[in-house]
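Note sheet for the following structure.
Numbering (the working numbering), first residue to last: 4 to 243.
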């Protein structure tokens with residue numbers, strides 16, 4: 004029997020192609036940045052990674068609220084997938100910052116306000132995923148993940164606004180198209196859109212996998228078992 008084609012793969016392919024073009028343009032077409040030289044080219048990945056890490060975690064926050072209201076396993080799966088992608092992007096963000104800091108400042112880490120808050124963000128959302136392993140059932144996992152996501156999200160606006168509140172760090176204030184050289188616009192935008200599309204694709208894939216694992220767990224628990232709207236195991240229509 005042929006396996007059905009998951010349509011999100013189209014999003015993934017488009018994202019990969021856009022990322023390849025954006026990286027090619029950033030590495031070989033646009034001129035090096037005046038103040039940072041060749042090492043400054045990492046910003047064409049670092050900045051889009053930062054944008055998308057915060058954007059995807061904002062999506063996680065919205066999914067968490069929705070999951071608490073409807074208690075559907077599909078919402079829990081989407082929430083968990085988006086948190087996982089958000090953690091991945093935040094980890095990439097911290098690593099990219101360290102790679103840039105080493106040749107620029109001679110150190111891998113400095114106690115910059117945005118670096119500190121980004122590291123806290125990574126730890127907080129990694130903790131959200133860790134909390135799931137301590138839940139006793141699917142319904143409890145949904146509630147714990149949703150509540151923990153809402154609490155962890157408090158750090159997202161702090162990461163974004165910290166350069167305004169504490170402007171003396173190594174990070175410059177927010178840039179806008181009018182303040183960025185036109186040579187850099189296309190590469191930044193291509194990579195930003197590409198990483199967003201890849202993030203959506205990975206979220207869909209992880210959500211599908213989580214739902215499949217939930218179904219497999221329910222089926223192995225007892226013949227004819229299924230999951231109700233709150234993710235609890237039911238056998239022959241009777242809730243366990």
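Quick reminder that beta carbons are idealized off the backbone N, C-alpha and C, glycines included.
Tell me which residue opens and which closes the alpha helix (DSSP H) that residue i is part of.
i           : result
residue 158 : 158 to 168
residue 113 : Neither: residue 113 is in no alpha helix (DSSP H) and is coded neither H nor E.
residue 10  : Here residue 10 belongs to no alpha helix (DSSP H), and DSSP marks it neither H nor E.
Spatial neighbours of residue i within its chain, please: CB distance less than 8 angstroms, with the 5 preceding and 5 following residues excluded, ordered by chain position.
i           : result
residue 112 : 101, 104, 118
residue 250 : Because residue 250 is not part of the residues shown, which for the chain are 4 to 243, the question remains open.
residue 35  : 41, 43, 44
residue 159 : 57, 60, 61, 64, 124
Cβ of residue i less than 8 angstroms from any chain B Cβ?
i           : result
residue 164 : The structure shown contains no chain B, having only a single protein chain.
Excluding the 5 residues preceding and the 5 following residue i in the sequence, name in chain order all residues of the same chain whose CB lies nearer than 6 angstroms to its CB.
i           : result
residue 165 : 116, 117, 120
residue 205 : 88
residue 3   : Only positions 4 to 243 of the chain appear in this structure, which leaves residue 3 out of reach.
residue 167 : none
residue 80  : 210, 213, 214
residue 244 : Residue 244 lies beyond the stretch modelled for the chain, which goes from 4 to 243, so this question has no answer here.
Quick one: residues in its chain with C-beta nearer than 7 angstroms to the C-beta of residue i, no 5 flanking neighbours on either side, listed in chain order?
i           : result
residue 24  : 193
residue 138 : 144, 147
residue 99  : 45, 48, 49, 52
residue 196 : 21
residue 16  : none
residue 232 : Confidence at residue 232 is low in this model, with a pLDDT of 44, below 50, so the placement of that residue is unreliable and no value is reported for it.
Around the Cβ of residue i, are there at least 16 other Cβ atoms within 10 angstroms (buried) or fewer (exposed)?
i           : result
residue 55  : buried
residue 223 : exposed
residue 40  : exposed
residue 12  : exposed
residue 9   : exposed
residue 78  : buried
residue 154 : exposed
residue 190 : buried
residue 30  : exposed
residue 202 : buried
residue 136 : exposed
residue 73  : exposed
residue 219 : exposed
residue 108 : exposed
residue 59  : buried
residue 5   : For residue 5, the predicted structure reports a pLDDT of 48, less than 50, and the residue's modelled location is therefore unreliable. A value from the coordinates is still provided. By the 10 Å Cβ count, residue 5 comes out exposed.
residue 32  : exposed
residue 240 : Legend: pLDDT at residue 240 = 40, less than 50; position of this residue unreliable, value from coordinates given subsequently. Looking at its Cβ environment, which holds fewer than 16 other Cβ atoms inside 10 Å, residue 240 is exposed.
residue 63  : buried
residue 169 : exposed
Any idea which residues DSSP pairs residue i with across the strands?
i           : result
residue 198 : Note: residue 198 sits in no beta bridge, so no partner.
residue 1   : This structure leaves residue 1 out entirely; the chain is present only between 4 and 243.
residue 36  : 40
**Asked** Of all the alpha helix (DSSP H) runs that stay within the bounds of the segment 40 to 78, which reach a length of 4 or more residues?
**Response** 46 to 73
Quiz prompt | Every unbroken beta strand (DSSP E) inside the segment 98 to 152 [3 residues or more] | solution = none
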